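Undergrad:
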Amino acid sequence: MTSAAETTLYGEGLDRDRKQIRLLTVLQTFDPSEVVRGQLETVSLLEEPEYVALSYVWGDYDAECVDRVVINGQVRDVTRNLASALWHFRGNHMNRGNGKQLRIWVDALCINQRDLDERRHQVGMMGDVYSQATFVYSWVAGPKDISTPHAIAIINEIMTKMDAEEGETMYHQNQALGVDLSPQMVAKFTRVVSETPKLCEQWNNTPIHQLNPTWSAIFALNRLEYWSRIWVYQEMILSSDRIDCHVFICGYSTVTATALYAFCRLTTAMLRHSEVTDLKPAAIAPEVWATLKQNDILLAIQIQKLRKIMISHRHSGTGGMSSSQIFLLHMDCKASDPRDMMYATLGILPLDIRVDYTLSVRQVYLDWYSAVFSKTDPASRNEPSDKFLSSTLANAGALTRETNPHRLPYWLPDFNNASSEDQFSVDFLPKRTCYFDDARHQCFENGVLKIRGALCDTITQCLTLDDSAPLEYFKGPAMHDLKSQFSPALWPTHAFELIFLSTMIWGGLQFAGQLSAYMSTGLPLEELLLLVKSMAAHSSDEDIIAALSSDSRLLGADSNQSKSLEMIGPIMYQLRMELRIKTKGCCLFKTAMGYGGITRVGARIGDTLCLMNGCGSPILLRREIDDWVHLASCYVDNISNEPLLEIIQRHNLEVKWFDIQ
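Start counting the sequence shown at 1; every next residue gets the next number (the UniProt record's numbering).
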């Protein structure tokens with residue numbers, strides 16, 4: 001489109017001093033064949049206009065995903081997801097009660113995307129746009145999605161019944177999403193669920209080990225692409241405190257955000273309450289209940305994360321959130337423009353940086369991190385700051401990326417290509433400060449991270465485990481051979497959950513985590529540990545089975561050899577398969593001082609361990625000419641679990657400045 005046409009559509013520009021935005025009125029029609037038509041108008045936020053702020057997934061502008069709409073008489077290309085929302089809104093949800101339709105703010109059309117200066121300014125105002133909106137509508141799925149409307153409708157039905165019985169005190173305590181999870185309330189929720197046939201039946205065409213279609217649709221909400229868009233979290237977090245302000249919509253189905261969160265909380269509580277009381281709702285088919293309990297952790301992952309962030313934001317004295325909380329969003333989200341991974345958080349993490357789409361992705365990342373570091377005070381020994389730097393370095397490094405299209409320094413994560421499922425987590429670290437020096441780390445224009453640290457040790461042996469190894473590799477004898485190469489006290493790490501198993505096999509260490517949350521064997525944690533310890537003590541499946549056959553806690557008093565083989569064989573196969581998969585990309589190493597550790601594949605003899613000020617995990621560095629290159633984070637037994645200052649003093653290590661590339 002020519003610049004003259006852009007001027008015709010958008011006018012001469014927006015008055016920044018008056019905080020002007022554009023709003024779209026979708027012209028009402030009930031003719032499904034009619035193209036979507038709308039009119040743009042300019043308003044000032046200072047005048048507190050009524051409008052809906054639309055939250056949705058942009059998608060890609062490829063030939064198969066684009067529809068056309070007519071705005072101010074001009075044809076515009078929009079993604080199919082947005083087109084389906086506008087098509088639906090022209091006949092639904094948008095009446096203000098006075099004969100006029102409620103206007104919409106939608107970024108793709110209300111901002112002149114080709115005017116980088118306007119785009120910069122309007123993106124900087126998005127916090128105000130969503131916080132002042134009369135409603136925030138989350139359009140969560142595309143036009144071909146069938147299960148999402150079904151899930152939203154049934155959730156709304158359940159929570160409407162609860163609301164009718166309890167009134168607003170049931171879960172509408174406040175927009176911070178306080179939910180009454182008392183045994184009485186959970187019992188009432190369980191009864192309402194039990195009185196809803198769609199949630200109780202085992203459908204004839206559904207495999208016995210799968211949820212019925214209604215529960216499957218509900219759990220599928222967690223996997224919607226909507227949750228992976230970085231912008232939606234700012235949009236939802238900044239929505240008004242009013243109970244009914246934020247609404248999830250798909251097709252003709254709607255549910256308020258408050259009701260959706262309450263449903264997730266009560267569902268999880270219902271399943272956990274039944275474990276305590278050993279009661280199962282009689283109306284729910286046993287197969288449905290058993291499968292439901294195995295899946296309960298899936299339901300509220302995104303919802304609970306958002307809830308915690310919202311509560312933190314509401315109660316924050318600064319009006320923003322911590323950088324470590326923002327990091328969690330970065331790890332699970334994506335953006336069409338990689339620069340938006342940084343810009344989309346400015347409304348909830350106030351930083352002194354200017355939105356500028358003329359800058360490179362590299363420069364935007366460096367500016368964002370420089371602003372965060374400038375707010376970090378090592379002298380305060382601030383725990384969120386500990387977690388932020390630890391998480392940054394743990395999810396970055398030359399060993400973590402195959403390509404580097406934006407020329408990011410190796411100490412910076414490429415968030416648009418990252419995932420929390422692949423991160424080398426430091427959540428297992430004990431509660432302790434990770435600072436041993438009051439000097440503030442800095443990020444410079446040339447991409448160098450200047451930080452205080454101490455060289456600690458050097459790798460002398462490496463062993464890579466990958467999924468090409470046969471399953472026999474993970475049996476007792478092979479594991480004992482591995483154990484002999486390393487320190488006898490290799491501690492477990494949350495980086496790869498099934499390393500818990502390997503450490504149990506190698507050393508029979510005391511278990512310190514919640515392994516049962518990651519396993520789908522159906523065995524209680526105590527019984528699973530018996531199995532793992534037996535795997536460490538015996539060489540073959542037959543020996544293990546023989547050792548366990550008489551143990552009534554695991555197999556039952558009436559177990560026989562064939563039944564034992566039938567039960568234990570598949571479980572052991574599954575454990576070894578998952579161990580093999582989870583250790584892909586994992587390198588075990590031994591150091592010159594005799595420590596054992598684990599890091600990402602690619603480490604080699606001669607690489608150096610370094611303790612960094614404010615970072616919970618030791619960092620693996622490699623000297624290249626005159627530069628130190630950040631390779632990866634690692635876990636080292638008897639180092640990662642101790643205060644850094646004590647290690648430095650014990651080994652008389654020299655603390656100095658490092659310039660990390």
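Quick reminder that beta carbons are idealized off the backbone N, C-alpha and C, glycines included. Keep in mind it's a predicted model, so treat the numbers as computed, not measured.
Could you tell me if D659 is buried or exposed, where buried requires 16 or more neighbouring beta carbons within 10 angstroms of its beta carbon?
TA: Taking the sequence shown and counting its residues from 1, one reaches residue 659 at position 659. When all chains shown are included, D659 counts as exposed.
Undergrad: In terms of residue numbering, what span does the beta strand (DSSP E) encompassing L620 cover?
TA: To locate residue 620, count along the sequence shown from 1; it is residue 620. L620 -> beta strand (DSSP E) spans 619-624.
Undergrad: Is it right to say K144 is buried, meaning 16 or more other beta carbons lie within 10 angstroms of its own, or is it exposed?
TA: Locating residue 144 in the sequence shown gives position 144, counting from the first residue. So K144 counts as exposed.
Undergrad: So Q28 and R90 are supposed to be a Cβ contact under 8 Å. How far apart are they, rounded?
TA: As a position in the sequence shown, residue 28 is number 28, starting the count at 1. As a position in the sequence shown, residue 90 is number 90, starting the count at 1. With 8 Å as the limit, Q28 and R90 qualify as a contact, their Cβ atoms being about 5 Å apart.
Undergrad: Is the beta carbon of S55 sitting closer than 8 Å to the one on V255?
TA: Here the question's residue 55 lines up with position 55 in the sequence shown. Here the question's residue 255 lines up with position 255 in the sequence shown. Cβ distance not < 8 Å, so S55 and V255 don't count as in contact.
Undergrad: Drop a sphere of 10 angstroms on the beta-carbon of D112, count the other beta-carbons inside from all chains shown, and report buried for 16 or more, exposed for fewer.
TA: Residue numbering aside, residue 112 sits at position 112 when the sequence shown is read from its first letter. First, the amino acid is wrong: residue 112 is Asn here, not Asp. Looking at its Cβ environment, which holds 16 or more other Cβ atoms inside 10 Å, N112 is buried.
Undergrad: Between which residues of its own chain and K450 is the CB-CB distance below 7 Å, once the five residues before and five after are set aside?
TA: As a working mapping, residue 450 is identified with position 450 in the sequence shown. Excluding residues within five positions, the ones whose Cβ falls inside 7 Å are H441, Q442, F444, W657, D659.
Undergrad: Should residue 663 go down as buried or exposed, given a rule of 16 or more other Cβ atoms within 10 Å for buried?
TA: Residue 663 is absent from the structure shown; the chain starts at 1 and stops at 661.
Undergrad: Given a cut-off of 8 Å, decide if L224 and A141 are closer than it, judged by their beta-carbon atoms.
TA: Here the question's residue 141 lines up with position 141 in the sequence shown. Here the question's residue 224 lines up with position 224 in the sequence shown. Cβ distance < 8 Å, so A141 and L224 count as in contact.
Undergrad: Using a Cβ-Cβ cut-off of 8 Å (strictly less than) and excluding sequence neighbours within five positions of E50, which residues of its own chain qualify?
TA: Residue 50 sits at position 50 when you count from the first residue of the sequence shown. Only R96, L102, R103, T134 meet the Cβ criterion.
Undergrad: For V52, collect the residues of the same chain with a Cβ closer than 6 Å to its Cβ; drop the 5 residues on either side in sequence, then sort them by chain order.
TA: Your numbering for residue 52 matches position 52 in the sequence shown. Cβ within range, chain order: L102, I104, F135, Y137.
Undergrad: So, are the CB atoms of S253 and I152 less than 8 Å apart?
TA: Taking the first residue of the sequence shown as 1, we reach residue 253 at position 253. Taking the first residue of the sequence shown as 1, we reach residue 152 at position 152. Contact flag set, yes.
Undergrad: Output yes or no for whether 8 Å exceeds the beta carbon distance between D457 and T268.
TA: The residue given as residue 457 occupies position 457 in the sequence shown. The residue given as residue 268 occupies position 268 in the sequence shown. Their beta carbons are not under 8 Å apart, which means D457 does not touch T268 by this criterion.
Undergrad: Please confirm whether R265 and L328 have their CB atoms less than 8 Å apart.
TA: For the purposes of this step, residue 265 is identified with residue 265 of the sequence shown, where counting begins at 1. For the purposes of this step, residue 328 is identified with residue 328 of the sequence shown, where counting begins at 1. Cβ distance not < 8 Å, so R265 and L328 don't count as in contact.
Undergrad: Evaluate G594 with the Cβ neighbour count: other Cβ atoms within 10 Å of its Cβ, from every protein chain shown; 16 or more gives buried, anything less gives exposed.
TA: Numbered from its first residue, the sequence shown carries residue 594 at position 594. When all chains shown are included, G594 counts as exposed.
Undergrad: According to the neighbour-count rule (16 or more other Cβ atoms, all chains shown, within 10 Å of its Cβ), is A164 buried or exposed?
TA: Along the sequence shown, one-based indexing puts residue 164 at 164. Answer is exposed; the Cβ neighbour count stays below 16.
Undergrad: What is the rounded straight-line gap between the Cα of L588 and the Cα of F388?
TA: Counting from 1 along the sequence shown, the entry for residue 588 is found at position 588. Counting from 1 along the sequence shown, the entry for residue 388 is found at position 388. So the two alpha carbons sit approximately 25 Å from each other.
Undergrad: Taking just the CA atoms, how far does S633 sit from E472?
TA: Against the sequence shown, residue 472 aligns to sequence position 472. Against the sequence shown, residue 633 aligns to sequence position 633. For E472, the predicted structure reports a pLDDT of 43, less than 50, and the residue's modelled location is therefore unreliable. The matter cannot be settled from this model.
Undergrad: Could you tell me which residues DSSP puts in a beta bridge with H630?
TA: Within the sequence shown, the letter at position 630 stands for residue 630. In the DSSP output, where bridge partners are listed per residue, H630 has L621.
Undergrad: I think T400 touches R600, with their Cβ atoms under 8 Å apart; what is that distance to the nearest whole Å?
TA: Translated into positions along the sequence shown, residue 400 becomes position 400. Translated into positions along the sequence shown, residue 600 becomes position 600. Going by Cβ atoms, the distance from T400 to R600 rounds to 6 Å, so yes, they are a contact pair.
Undergrad: Considering only their Cβ atoms, is the gap separating L455 from C610 smaller than 8 Å?
TA: The sequence position of residue 610 within the sequence shown is 610, counting from 1. The sequence position of residue 455 within the sequence shown is 455, counting from 1. In contact: C610 and L455 (Cβ atoms closer than 8 Å).
Undergrad: Take V43 and list the residues in its own chain whose beta-carbon comes closer than 6 Å to its own, dropping the five residues that flank it on each side.
TA: To locate residue 43, count along the sequence shown from 1; it is residue 43. The residues are L23, P49.
Undergrad: Taking Cβ to Cβ, would you say A220 is nearer than 8 Å to N156?
TA: The residue given as residue 220 occupies position 220 in the sequence shown. The residue given as residue 156 occupies position 156 in the sequence shown. No, these two residues do not count as a Cβ contact at 8 Å.
Undergrad: Terminal residues of the continuous alpha helix (DSSP H) containing Q649?
TA: For this step, residue 649 is matched to residue 649 along the sequence shown. Per DSSP, Q649 belongs to the alpha helix (DSSP H) from 644-650.
Undergrad: The alpha helix (DSSP H) spanning S371 covers which residue range?
TA: Taking the first residue of the sequence shown as position 1, residue 371 is located at position 371. Sequence inspection shows Ala at residue 371; the Ser mentioned does not correspond to that position. First-last of the alpha helix (DSSP H) with A371: 361-374.
Undergrad: With DSSP as the reference, identify every bridge partner of K188, one or two as the case may be.
TA: To locate residue 188, count along the sequence shown from 1; it is residue 188. Answer by DSSP bridge pairing: none, since K188 is not bridged.
Undergrad: Y635 by DSSP, collapsed to three states: which one?
TA: As a first step, residue 635 must be located in the sequence shown, where it is residue number 635. The answer is strand: DSSP assigns Y635 an E or B state.
Undergrad: Check this for me: beta carbons of A262 and H246, under 8 Å apart or not?
TA: Indexing the sequence shown from 1 puts residue 262 at position 262. Indexing the sequence shown from 1 puts residue 246 at position 246. Result no, Cβ atoms of A262 and H246 do not sit closer than 8 Å.
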